[in-house]
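Position 26 of the sequence shown, counted from 1, bears residue number 15 in our numbering, the numbering being contiguous throughout. Let me begin by presenting the structure, written as structure tokens, before commenting on it.
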Amino acid sequence: MTKDDQEGRFLDEETLFIVTQTFKALSDPTRVRILHLLFQQELSVNSIAEQLGLRQSTVSHQLRFLKNVRLVHFRREGTSIFYSIEDEHVQGVLKQTIEHATHA
């Protein structure tokens, strides 16, 4: 990728789609709450639902969306599925956005 590409002058359609889907994912309060929890530790669907006071089906639905846009990944352990943040880029974007929102 050239410097011009990185500056956004020539975004290809796939990159544009991924970027807009990422912002769409971050526009939902429930998904942001889930991501914020996952910054702290890997958690199961049940643990996330319990900590956020949400139904398991709601959490599963939101995690599926986050997984589809590559913001979280999962691992299976027996019958449980554990979710965590996909990579440090995801954490950095949300951390900077939270810092921006709380900056006085």
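We put the beta carbon where it would ideally sit given N, CA and C, even for glycine.
- Task: Buried or exposed for residue 8, please, with buried defined as at least 16 other CB atoms from any protein chain shown within 10 angstroms of its CB.
- Result: Flag for residue 8 reads exposed.
- Query: Between residue 43 and residue 91, what straight-line distance do the alpha-carbon atoms span, to the nearest angstrom?
  - Reply: Residue 43 and residue 91 have their C-alpha atoms some 25 Å from each other.
- Query: Distance, Cα to Cα, residue 65 vs residue 49?
  - Reply: For residue 65 and residue 49, the distance between alpha carbons rounds to 14 Å.
- Message: Going by beta-carbon coordinates alone, are residue 61 and residue 45 separated by less than 8 Å?
- Response: Taking 8 Å as the cut-off, the beta carbon of residue 61 is found no closer than this to the beta carbon of residue 45.
- Message: Please return the same chain residues whose Cβ sits closer than 8 Å to the Cβ of residue 28, not counting the five positions on each side in sequence.
- Response: Contacts found: 74, 80, 83 and 84.
- Buried or exposed for residue 87, please, with buried defined as at least 16 other CB atoms from any protein chain shown within 10 angstroms of its CB. Exposed, by the Cβ-count rule.
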